[in-house]
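These protein sequences, in sequence, are chains A and B. In case it helps, the numbering used here puts the first sequence at residues 1 to 63. In case it helps, the numbering used here puts the second sequence at residues 64 to 251. Backbone N, C-alpha and C fix where the C-beta goes; we use that ideal spot for every residue, glycine too.
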Amino acid sequence: MRWLSPLEPNNRHQGVRTERFDGVGNWLLEMTEFREWRYNEGGADKAVLFCSGNPGVGKTYLR
Amino acid sequence: MIDSLCDRAQEDNIAVAGLYCDFLSQQEQTTTNIMGAILKQLVSRGGIPDHLREAFQKGKKEFGGRAPRLADLMGMLKIVITSLSQVFICLDALDECLPGHLPEILESLRDITRESPMARIFLTGRPHIREGVQRYFSKVVVIPISPNPDDIRNYVEMRLDRDTEPEAMSNNLREDIVRVILEKISNV
Chain A
1 MRWLSPLEPN NRHQGVRTER FDGVGNWLLE MTEFREWRYN EGGADKAVLF CSGNPGVGKT
61 YLR
Chain B
64 MIDSLCDRAQ EDNIAVAGLY CDFLSQQEQT TTNIMGAILK QLVSRGGIPD HLREAFQKGK
124 KEFGGRAPRL ADLMGMLKIV ITSLSQVFIC LDALDECLPG HLPEILESLR DITRESPMAR
184 IFLTGRPHIR EGVQRYFSKV VVIPISPNPD DIRNYVEMRL DRDTEPEAMS NNLREDIVRV
244 ILEKISNV
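Set out below in structure tokens:
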């Protein structure tokens, strides 16, 4: 598998998962925009979701 | 996010791939390596039919010793994505990849969404890359992220609960700590 790419994103993911505090970012999961995106309700037009924010606001730790 | 999406992925024919961009890994986080990493995750999480797995092995031999090129990877990615009912690709901190890499990364993601309606892309990044993202995805749904007061309160209270000397902290002090931190956060 290393042939496909030298990057190992799962390592970083384990770190984030360990540090993450339960419940953080749950508000996003309940947003209409998020649900439409997740369940393909908006079709191809809504294929992309961009969470934008300054450093340290918690983008990485959204659950 | 990756874990939330995975919760449902177990039961259906859904796969999730995700990658954190990082200033410290800029040089090796090329479009080719990122797409390769996404493919690697989609394939290794299972749910990939055996004949595709065999195609990989065959492809690897055909390429000989050399690393796959971006076009090779994109071709394989599209095949894998089409075999699934839904695919989530998450890229965190897009602003941390090299500015020179960003257009190609976005272009590759756009290729995927154009060919595969079942692909869903989740991106995060600082506000300044918004225009760049919109150049490739004019209808991108943008969600501004700011610190959520409930999240912060829960976290601070958890930390205070775990204080090693709880008797040294009066209720007033405890309330002040929570209040001041929330005030500071509202100005971020």
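Which of helix, strand or coil does DSSP assign to residue 99 of chain B?
On the second sequence, residue 99 of chain B is found 36 positions in, with the first residue counted as 1. Three-state DSSP puts residue 99 of chain B in a helix.
Taking Cβ to Cβ, would you say residue 13 of chain A is nearer than 8 Å to residue 99 of chain B?
Here residue 13 of chain A is taken as the residue at index 13 of the first sequence, counted from 1. Here residue 99 of chain B is taken as the residue at index 36 of the second sequence, counted from 1. Going by C-beta atoms, residue 13 of chain A is not nearer than 8 Å to residue 99 of chain B.
Comparing the C-beta of residue 141 of chain B with each C-beta of chain A, is any distance below 8 Å?
On the second sequence, position 78 is the one that residue 141 of chain B refers to. Answer no: the Cβ-Cβ gap between residue 141 of chain B and chain A never drops below 8 Å.
Where does residue 155 of chain B fall in DSSP's three states?
Looking up residue 155 of chain B in the second sequence gives position 92. In this structure, residue 155 of chain B counts as strand in the three-state DSSP scheme.
The alpha helix (DSSP H) enclosing residue 134 of chain B, as first and last residue numbers
The sequence position of residue 134 of chain B within the second sequence is 71, counting from 1. That run of the alpha helix (DSSP H) goes 133-145.
Could you check whether the stretch 217-229 of chain B touches the stretch 239-247 of chain B, counting it as contact only if at least three pairs of C-beta atoms, one from each stretch, sit closer than 8 Å?
yes
Considering only the alpha carbon of each residue, which of B/208, B/165, B/124, B/184 lies closest to residue 153 of chain B?
As a position in the second sequence, residue 153 of chain B is number 90, starting the count at 1. Residue B/184 is the option with its Cα nearest to residue 153 of chain B.
Counted within 10 angstroms of its Cβ, other Cβ atoms place residue 235 of chain B as buried (16 or more) or exposed:
On the second sequence, residue 235 of chain B is found 172 positions in, with the first residue counted as 1. Exposed, since its Cβ has fewer than 16 Cβ neighbours within 10 Å.
When you compare the CB of residue 81 of chain B with every CB in chain A, is at least one pair closer than 8 Å?
Translated into positions along the second sequence, residue 81 of chain B becomes position 18. Chain A, which has a Cβ nearer than 8 Å to the Cβ of residue 81 of chain B, makes this yes.
Residue 51 of chain A (DSSP reduced to helix, strand or coil)
As a first step, residue 51 of chain A is located in the first sequence; it is residue number 51 there, counting from the start. If DSSP states are grouped into helix, strand and coil, residue 51 of chain A belongs with the strands.
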